[in-house]
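Note that my numbering numbers the sequence shown so that position 448 is 935, with each residue one more than the last.
Just so you know, even glycine gets a beta-carbon here, dropped at the ideal spot from N, CA and C.
Here the structure is a predicted model, which means the values were calculated and not measured.
Structure first, then comments.
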Amino acid sequence: MAFNAEQLLGPKGLLAKELATYEYRLEQLQMADHVYTSLQQGGHGIIEAGTGVGKSLAYLLPLIYYTVEEDKRAVVATHTIPLQEQLFQKDIPFLQQVLDLDFQVEVFKGRGNYLCLRNWEELRRGRGNQLGLRDNLEELNQWVETTTTGDYSEASFSIPWELWAEIRCEKESCPEELCPYFSECFYWSLRQRLGQAHLIVTNQAMLLADARSDGRVLPNYDGVVIDEAHNLEEVATGSFSHELRRESFLAYYRTGTQLQAALRDYVPEYVIQDINLVLDELIKEAGQYFIQIEQYITGYTTPLTEKNRHHFAQTSLPKHLKDLQELLKECNIEEEGEAFGLVEQFGEFTERLLTTLDLILLGQDPDYVYWGELQNGEPCLVAAPIDVSSILQETLFKNTPSVILTSATLSTNQSFDYIQSQLGIKESANLILGSPFTYEEQALLCVPHQAKHPNHARYSHYVAYLILRTVANTKGGVLALFTSYSFMDEIADAITPKLDEVGYTLFKQGDGPRLGLIQDFQEEPRSVLFGTNSFWEGIDLPGEALKAVVITRLPFTVPDRPVTAARLRAIEEAGGNSFLEYSVPQAILRLKQGFGRLIRTKNDRGGVVILDERILTTNYGGQFLSSLPPARFTRELDDLRNFFTD
488 MAFNAEQLLG
498 PKGLLAKELA
508 TYEYRLEQLQ
518 MADHVYTSLQ
528 QGGHGIIEAG
538 TGVGKSLAYL
548 LPLIYYTVEE
558 DKRAVVATHT
568 IPLQEQLFQK
578 DIPFLQQVLD
588 LDFQVEVFKG
598 RGNYLCLRNW
608 EELRRGRGNQ
618 LGLRDNLEEL
628 NQWVETTTTG
638 DYSEASFSIP
648 WELWAEIRCE
658 KESCPEELCP
668 YFSECFYWSL
678 RQRLGQAHLI
688 VTNQAMLLAD
698 ARSDGRVLPN
708 YDGVVIDEAH
718 NLEEVATGSF
728 SHELRRESFL
738 AYYRTGTQLQ
748 AALRDYVPEY
758 VIQDINLVLD
768 ELIKEAGQYF
778 IQIEQYITGY
788 TTPLTEKNRH
798 HFAQTSLPKH
808 LKDLQELLKE
818 CNIEEEGEAF
828 GLVEQFGEFT
838 ERLLTTLDLI
848 LLGQDPDYVY
858 WGELQNGEPC
868 LVAAPIDVSS
878 ILQETLFKNT
888 PSVILTSATL
898 STNQSFDYIQ
908 SQLGIKESAN
918 LILGSPFTYE
928 EQALLCVPHQ
938 AKHPNHARYS
948 HYVAYLILRT
958 VANTKGGVLA
968 LFTSYSFMDE
978 IADAITPKLD
988 EVGYTLFKQG
998 DGPRLGLIQD
1008 FQEEPRSVLF
1018 GTNSFWEGID
1028 LPGEALKAVV
1038 ITRLPFTVPD
1048 RPVTAARLRA
1058 IEEAGGNSFL
1068 EYSVPQAILR
1078 LKQGFGRLIR
1088 TKNDRGGVVI
1098 LDERILTTNY
1108 GGQFLSSLPP
1118 ARFTRELDDL
1128 RNFFTD
């Protein structure tokens, strides 16, 4: 049966017959048609689909029909694990049940999510004794003997991270097809199944790892849908960055130690002794180096410049790595067997570390920005690409017949110009779909008369006052979104006593696990939830749990990250206006994400309260307003109280 969106998603279509709760949405049908056309014509596409469109079914159906009809393979890449799980555990099983099509789907995660049988056997044979990891292995052994996937997340008990780090799959220590456990390997068995699949569900980082490695991670594919695509620039920045951390050298040392054991039957003893000697020198130098550079990382981030670079460049790490490269050349092993594979991988690991060292310590590539920071208390040096558009164009968009990006927030001021420029998409078939929700009836947008500019001397006083007024009008169920932890804490301290007086509970990001706070907020009607960064998206609070979202200020990106500052500087140096070309579009997309927390179903009602007067008083404020859903507008905060009694 050929693909027909109307017959599948129409009011009398297949899904309407199979789902008792099915709601016909014209936007969903239009999106499915657009995806299928892009796949058929071999072109790229960008689709903004408002909340409630049902994006996942709108792209899964055309993808499945396209791959089965044309004997092709396609990929779905998400940003978050919850969406990946929703697709693989809910949406796809449903479609496999109702569609009269035979199609195979596989979910693919990073290699480190899977058990390595070779490492597991080494641990059991004694290495675990040396590492102090052999206690209480009975439960783990039972899981190893019964699991069909080797997937860490599918274990019914918690595997300690330090133990998992010893037994997981790692590229650097994997001899691949030369491994004696290759035929049983969970990871490589999955890789083989991917070659038979019509559809592969993975994450954006894995998709970009494949693009970065010239297609050595995933089998060839003809089309890809990138969901949650508003995150792609950030994911690409991380994927194409280089980091120098002590942890990398510890992993390198561990891999080198394993290699020595595998080489004993193949190379002279003096070679093994020399490798051992250089590895010891390397790990000693790494320990001293990262202690030494910590004193020069003086702030949240410390840019690496001509003035301070010599402090970070004083190390013999490159020399030790080059010595190991020379020693590996003396390992003349026949091109078969596990030992040869391990030498090859260790050689590649050595080359990658040397490349990163040269890139960061020399700092001569103008396409990167360089800085030092502390990650979990450990010093880390970073080189990040200033512009990912050309990299994505070369590695992804040019090499894939059809790439389709979708999200509820991709356009700014009814245009995709910004996202196309940032991601390097030269030509695409674009579509903006509104939401099936009736925002004019379901949502109120309020910019109170008392809203102030963030630079106002009493801005924090007014924010605290207006949040309390909002809570009084809604009787709880208020999510307040902030752009900084310090300001969030300041407002929390200011209003907590007053909330306590009238019997309201304040849940604040940082006071407990994110999911736990959200669940507590849902279960306590008379409550307020404060959040920053991660709370602007990915929170789903349908029903009466959420009555109002308060945006404390327009979410402009603070250029405290070197990569952000470098991007702003690059625009200015090219003669552009970095504020209007970068800062405003970024903030608009962020604001749309925050607004999107409010209305999640057709029965939801509530208000979005913006406490930053710039949305009304500046020449760019109109771009923010025109990018938001068409909610009823007011300046009277008390209209929120009436809104719930209408």
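{"Item": "Lys913 to Ser876 span [Cα, whole Å]", "Value": "10 Å"}
{"Item": "Whole-number beta carbon distance between Arg733 and Glu865, since they are thought to touch under 8 Å", "Value": "6 Å"}
{"Item": "Close beta carbons around Thr843, own chain, < 7 Å, minus the five adjacent residues each side", "Value": "His729 and Leu731"}
{"Item": "Close Cβ partners of Phe903 (< 7 Å) along its chain, the five nearest in sequence each way excluded", "Value": "Ile533, Leu897 and Asn917"}
{"Item": "DSSP state of Tyr972 mapped onto helix, strand, coil", "Value": "helix"}
{"Item": "CB contact flag (Leu526, Tyr553, <8 Å)", "Value": "yes"}
{"Item": "Residue-chain proximity (Ser735, chain D), Cβ-Cβ < 8 Å", "Value": "The structure shown contains no chain D; it holds only a single protein chain."}
{"Item": "Reduced DSSP category for Val754 - H, G, I as helix; E, B as strand; rest coil", "Value": "coil"}
{"Item": "Three-state class that DSSP yields for Ala507 in the structure shown", "Value": "coil"}
{"Item": "Proximity test, Leu544 beta-carbon vs the ligand FMN heavy atom, cut-off 7 Å", "Value": "In the structure on display, the ligand FMN does not appear, and there are no ligands present to speak of."}
{"Item": "For Ile533, the residue or residues it bridges with in DSSP", "Value": "Leu892 and Asn917"}
{"Item": "Euclidean distance between Cα positions of Arg1101 and Gly921", "Value": "26 Å"}
{"Item": "Residues of its chain near Thr1104, where Cβ-Cβ distance is below 7 Å and the 5 sequence neighbours each way are ignored", "Value": "none"}
{"Item": "Buried/exposed call for Glu641, threshold 16 Cβ in 10 Å", "Value": "exposed"}
{"Item": "DSSP bridge partner residues for Lys806 (one or two, in chain order)", "Value": "Paired residue(s): none; Lys806 is not in a bridge."}
{"Item": "Per-residue DSSP class, three states only, for Asn616", "Value": "Its pLDDT being 49, under 50, Asn616 is placed unreliably in this model, and the coordinates cannot settle the point."}
{"Item": "Local Cβ density within 10 Å of Gln576, reported as buried at 16 or more and exposed below that", "Value": "exposed"}
{"Item": "Beta bridge counterpart(s) of Ala871 as assigned by DSSP", "Value": "Val856"}
{"Item": "Outcome for Asn616 when other beta-carbon atoms lying within 10 angstroms are tallied against a minimum of 16", "Value": "Here the model assigns Asn616 a pLDDT of 49, short of 50, so the residue's position is not dependable, and the following value carries that caveat. The residue in question, Asn616, is exposed, as its Cβ has fewer than 16 Cβ neighbours within 10 Å."}
{"Item": "Three CB pairs or more closer than 8 Å across the region 539-548 and the region 706-717", "Value": "yes"}
{"Item": "Between the CA atoms of Lys985 and Glu1031 - distance to the nearest angstrom", "Value": "23 Å"}
{"Item": "Val1045 classed as buried or exposed, judged by whether at least 16 other C-beta atoms fall within 10 angstroms", "Value": "exposed"}
{"Item": "Rounded separation between Val754 and Asn819 - CA only", "Value": "8 Å"}
{"Item": "Separation of Gly1018 from Phe827, as counted between CA atoms", "Value": "52 Å"}
{"Item": "C-alpha distance - Gly786 paired with Lys809, whole-angstrom precision", "Value": "33 Å"}
{"Item": "Residue range of the beta strand (DSSP E) that includes His729", "Value": "His729 to Arg732"}
{"Item": "Cβ contact (3+ pairs, closer than 8 Å) linking the region 509-519 and the region 550-566", "Value": "no"}
{"Item": "Separation of Ile873 from Ile1058, as counted between CA atoms", "Value": "11 Å"}
{"Item": "Given Glu505 as reference, the closest of Phe581, Asp520, Leu1076 and Gly1083 once Cα atoms are compared", "Value": "Phe581"}
{"Item": "Three CB pairs or more closer than 8 Å across the region 847-859 and the region 796-805", "Value": "yes"}
{"Item": "Arg1054 - DSSP class collapsed to helix/strand/coil", "Value": "helix"}
{"Item": "Own chain, CB closer than 6 Å to Glu535, minus 5 neighbours either side, in chain order", "Value": "Leu897, Ser898 and Ile919"}
{"Item": "Cα-Cα separation between Arg1119 and Pro1012, rounded to whole angstroms", "Value": "25 Å"}
{"Item": "Own chain partners of Tyr946 with C-beta closer than 8 Å, once the 5 adjacent residues on each side are dropped", "Value": "Lys939 and His940"}
{"Item": "Rounded C-alpha distance that separates Leu610 from Ser670", "Value": "20 Å"}
{"Item": "Proximal residues to Gly463 (C-beta, below 8 Å), its chain only, five neighbours per side dropped", "Value": "Only positions 488 to 1133 of the chain appear in the structure, and residue 463 is not among them; the question remains open."}
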